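Undergrad:
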Amino acid sequence: MDAVIASLPEYWDGFLRTLYLSVISGIIALIVGTLLAAMRVSPVAALRGFSMFYVEVARNTPLTIIFFFAAIVLPRLGVKFEQFEVAAIIALSSYTAAFIAEAVRSGVNSVPVGQAEAARSVGMTFTQVLGFIVLPQAVRTVIPPLINILIALVKNSSVAGAFFVLELFGYGRQLSNDYGDQVLWILLGVAFFYLLITVPLGLLAHFVERKVAIAR
Amino acid sequence: MTSVLYDVPGPKARLYSLIGSAAGILIILGVLAIAVVTLAQQGIFDADRWEIFYGPLAPDVWSLIGQGILSTLAAAAVAAVIAFPLGIALCLLRISLISWIRIPTQVVLEFLRGMPVVLMMLFVLLVFATGQFQAVVVGLVLYNAAIFAEILRAGIQSLPKGQREAGLAIGLRSFQSRMSIEFPQAVRRMLPSLIAQLVVLLKDTSLGYIVGYEELLRKIQIMADFLGPDFLFPAFFVGAAIYILINLSVSRIAIMIERRGSKKAAGGVAPASIRTGLSAGGNDPVAKDSVEGPGTK
Numbered sequence: 001m002d003a004v005i006a007s008l009p010e011y012w013d014g015f016l017r018t019l020y021l022s023v024i025s026g027i028i029a030l031i032v033g034t035l036l037a038a039m040r041v042s043p044v045a046a047l048r049g050f051s052m053f054y055v056e057v058a059r060n061t062p063l064t065i066i067f068f069f070a071a072i073v074l075p076r077l078g079v080k081f082e083q084f085e086v087a088a089i090i091a092l093s094s095y096t097a098a099f100i101a102e103a104v105r106s107g108v109n110s111v112p113v114g115q116a117e118a119a120r121s122v123g124m125t126f127t128q129v130l131g132f133i134v135l136p137q138a139v140r141t142v143i144p145p146l147i148n149i150l151i152a153l154v155k156n157s158s159v160a161g162a163f164f165v166l167e168l169f170g171y172g173r174q175l176s177n178d179y180g181d182q183v184l185w186i187l188l189g190v191a192f193f194y195l196l197i198t199v200p201l202g203l204l205a206h207f208v209e210r211k212v213a214i215a216r
Numbered sequence: 217m218t219s220v221l222y223d224v225p226g227p228k229a230r231l232y233s234l235i236g237s238a239a240g241i242l243i244i245l246g247v248l249a250i251a252v253v254t255l256a257q258q259g260i261f262d263a264d265r266w267e268i269f270y271g272p273l274a275p276d277v278w279s280l281i282g283q284g285i286l287s288t289l290a291a292a293a294v295a296a297v298i299a300f301p302l303g304i305a306l307c308l309l310r311i312s313l314i315s316w317i318r319i320p321t322q323v324v325l326e327f328l329r330g331m332p333v334v335l336m337m338l339f340v341l342l343v344f345a346t347g348q349f350q351a352v353v354v355g356l357v358l359y360n361a362a363i364f365a366e367i368l369r370a371g372i373q374s375l376p377k378g379q380r381e382a383g384l385a386i387g388l389r390s391f392q393s394r395m396s397i398e399f400p401q402a403v404r405r406m407l408p409s410l411i412a413q414l415v416v417l418l419k420d421t422s423l424g425y426i427v428g429y430e431e432l433l434r435k436i437q438i439m440a441d442f443l444g445p446d447f448l449f450p451a452f453f454v455g456a457a458i459y460i461l462i463n464l465s466v467s468r469i470a471i472m473i474e475r476r477g478s479k480k481a482a483g484g485v486a487p488a489s490i491r492t493g494l495s496a497g498g499n500d501p502v503a504k505d506s507v508e509g510p511g512t513k
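So the protein lines, in turn, are chains A and B.
Numbering of the first sequence is given in the working numbering, commencing with residue 1 and proceeding in unit increments.
Numbering of the second sequence is given in the working numbering, commencing with residue 217 and proceeding in unit increments.
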């Protein structure tokens, strides 16, 4: 127990870095994922094909492999990063974007057909239909699954700890080396800090889900 | 292909779309070409780099890769086989009528779901001083059993109330009604999610790399370390391709099963569930259900 208290500064640093990784990758993934979803329903065949291919491959690739590629293979090929955080953010956001694209797409499909038909019959173009009518309504149904994807993102950021980034999991490994006799407490401490992020997010998802369910 | 989102394209729009597609393909090809040229300049495509896959070392290299694949699949298979029954048990506890069983289970499930899988693997590895294989399997089992439990619970809650009421009304105990009436239907309803979770489980075995389990990725790295950095890219390329191919094919199977299931469900679930409700005194509602399910279409 005292090992946990003695290493609180490390925990805090790791906690902040986990948050940092998750927030930055989350924002990038949300933007890229929404773009991919829009491409997926667009009239241009090449965009549809690209989005489908990307989503299919990224969803079926283990995150560890993407990390391995970004953090170990890319530098060998001459793409050097100042910090390994950059590699971690690239890996996390390119992985998460595929899941977000799928969630947004199913949200788009959940909007009643009449909405799009009505929008089109008053003369709106594809971008207008999507931007003003469909996506704003899709957001409602999409938010609970999106929050779940973000929770997964926070948990997935732990993989970065194995690829030279000192976030919560990375510190956990380091500290359990330093305090070999108190591994149990050290790791429970790490678990606590993860729950500090994931449990409130989970409660938020529950809350939003109930809200949306009542509204519909 | 028609979509409500836009009109069936006329000649002009088709032309634009064609030009757009061509431009898009050109851009993608351009980026690929740049990448290939850059790689080629570093000698990635020199034959001697790829020699490990067909040269004198090839048998060793492929047997290492084979071992990697086997240990990946072994961990996934063992974990899946243990996680599913455990998930059912956790689900039963989670929906128990007795609050001092239900609430602690809920807390445990929330805890397990909120944890990174890799942290659980490390925990098992260090705290219980197990081997890597056990650590990977236990980590996967704990996490996925919790997810299975939640999926099944959602399935049971989505059933019409009458199912359980009818079961109780004809004198089944609560547990009997759960096992012989509610679970079979819940599993069927949730089959797509359950299979999707199996794919996730298979993918997550790659986390074993981090705790030192010698699965495919770790083998690749051992190989690259042994052969020298020049061979890292070829080895990684082949390893990643194998991993992705395995996952893609399992996902395909999942989608196929889902399609078949949804075809049945479209005509089958609602009427069949009424029928199982009425005939719950019969021996085997599941068999009846699955025999008559497709017929109602």
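Cβ atoms here follow ideal geometry from the backbone N, Cα and C, with glycine treated the same way.
As the structure is a computational prediction, the values presented were derived from the model and not from experiment.
List the residues of chain B that A/LYS80 touches, going by C-beta distances under 7 Å, in chain order.
TA: Result: empty, since nearest Cβ-Cβ is about 13 Å, beyond 7 Å.
Undergrad: Name the residue from B/LEU448, B/ILE397 and B/GLN348 whose alpha carbon lies nearest to the alpha carbon of B/TYR514.
TA: One cannot answer for residue 514 of chain B here, as it falls past the ends of chain B, which runs 217 to 513.
Undergrad: Listing by chain order, which chain B residues have their CB less than 7 Å from the CB of A/ALA46?
TA: Those are GLY236, SER237, GLY240 and ILE241, listed as they occur along chain B.
Undergrad: Mind checking which residues open and close the alpha helix (DSSP H) that includes A/VAL86?
TA: 84-110 is the extent of the alpha helix (DSSP H) around A/VAL86.
Undergrad: Please name the residue in B/MET406, B/GLN392, B/GLN350 and B/GLY444 whose C-alpha comes closest to that of B/THR421.
TA: Nearest option by C-alpha distance: B/GLN350.
Undergrad: State the Cα-Cα distance for the pair A/TYR11 and A/ALA97, rounded to the nearest angstrom.
TA: Cα to Cα, A/TYR11 sits roughly 28 Å from A/ALA97.
Undergrad: Listing by chain order, which chain A residues have their CB less than 8 Å from the CB of B/GLN258?
TA: Simply LEU77 and GLY78.
Undergrad: Roughly how many whole angstroms lie between the Cα atoms of B/LEU375 and B/ARG405?
TA: Cα-Cα distance, rounded: 9 Å.
Undergrad: Given this structure, state the Cα-to-Cα distance separating B/GLY340 from A/PHE126, to the nearest angstrom.
TA: Residue 340 of chain B is actually Val in this sequence, not Gly. When rounded, the distance between both Cα atoms is 53 Å.
Undergrad: Rounded to whole angstroms, what is the Cα-Cα separation between B/LEU286 and B/GLU431?
TA: One C-alpha to the other measures close to 8 Å.
Undergrad: Between which two residues does the alpha helix (DSSP H) containing A/GLY49 stretch?
TA: Its alpha helix (DSSP H) spans residues 45-59.
Undergrad: Taking the alpha helix (DSSP H) that A/THR217 falls in, what are its first and last residues?
TA: Residue 217 of chain A cannot be examined here, being either before or after the span of chain A that is shown, 1 to 216.
Undergrad: Where do the ends of the alpha helix (DSSP H) carrying A/GLN182 lie?
TA: Premise fails: A/GLN182 is in no alpha helix (DSSP H) and is neither H nor E.
Undergrad: Determine the closest residue to B/LEU342 out of A/ILE28, A/ILE89 and A/TRP185, with distance taken between C-alpha atoms.
TA: Of the listed residues, the one whose Cα sits closest to B/LEU342 is A/TRP185.
Undergrad: To the nearest angstrom, how far is the alpha carbon of B/PRO501 from that of B/ALA402?
TA: Its pLDDT being 33, under 50, B/PRO501 is placed unreliably by the model, and the measurement read from it follows with that caveat. Rounded to whole angstroms, B/PRO501 to B/ALA402 spans 13 Å at the Cα level.
Undergrad: Extract the residue ranges of the alpha helix (DSSP H) inside the segment 248-284 of chain B, only unbroken runs of 4 or more that lie entirely within it.
TA: Fully enclosed alpha helix (DSSP H) runs of 4 or longer: 263-266.
Undergrad: For A/ASN60, count the other beta carbons within 10 Å of its own beta carbon; 16 or more makes it buried, fewer makes it exposed. Which is it?
TA: Buried, because 16 or more other Cβ atoms sit within 10 Å of the Cβ of A/ASN60.
Undergrad: So, using beta-carbon positions, are A/ALA88 and A/VAL165 closer together than 9 Å?
TA: Against a cut-off of 9 Å, the Cβ pair of A/VAL165 and A/ALA88 comes out as a contact.
Undergrad: Using a Cβ-Cβ cut-off of less than 9 Å, give me the residues of the segment 447-458 of chain B that come near chain A, in sequence order.
TA: Taking 9 Å as the Cβ-Cβ cut-off against chain A, the residues of the segment 447-458 of chain B that qualify are LEU448, PHE449, PHE452, PHE453, GLY455 and ALA456.
Undergrad: Check whether chain A comes within 9 Å of B/LYS419, counting only Cβ atoms and requiring the distance to be less than that.
TA: Yes, because at least one Cβ of chain A sits closer than 9 Å to the Cβ of B/LYS419.
Undergrad: What is the DSSP secondary structure of A/TYR194, counted as helix, strand or coil?
TA: Helix.
Undergrad: Assign B/ALA457 to buried or exposed, taking buried as 16 or more other Cβ atoms, counted over all protein chains shown, within 10 Å of its Cβ.
TA: The residue in question, B/ALA457, is exposed, as its Cβ has fewer than 16 Cβ neighbours within 10 Å.
Undergrad: What whole-angstrom Cβ distance do B/LEU423 and A/THR64 have, given they're in contact under 8 Å?
TA: Confirmed, Cβ separation roughly 6 Å.
Undergrad: Which whole-angstrom value is the C-beta distance of B/LEU410 and B/ALA296, which I expect to be below 8 Å?
TA: Incorrect: roughly 10 Å between the Cβ atoms, too far for contact.
Undergrad: Per DSSP, B/TYR425 forms a beta bridge with which residues?
TA: Per DSSP, none; premise fails for B/TYR425.
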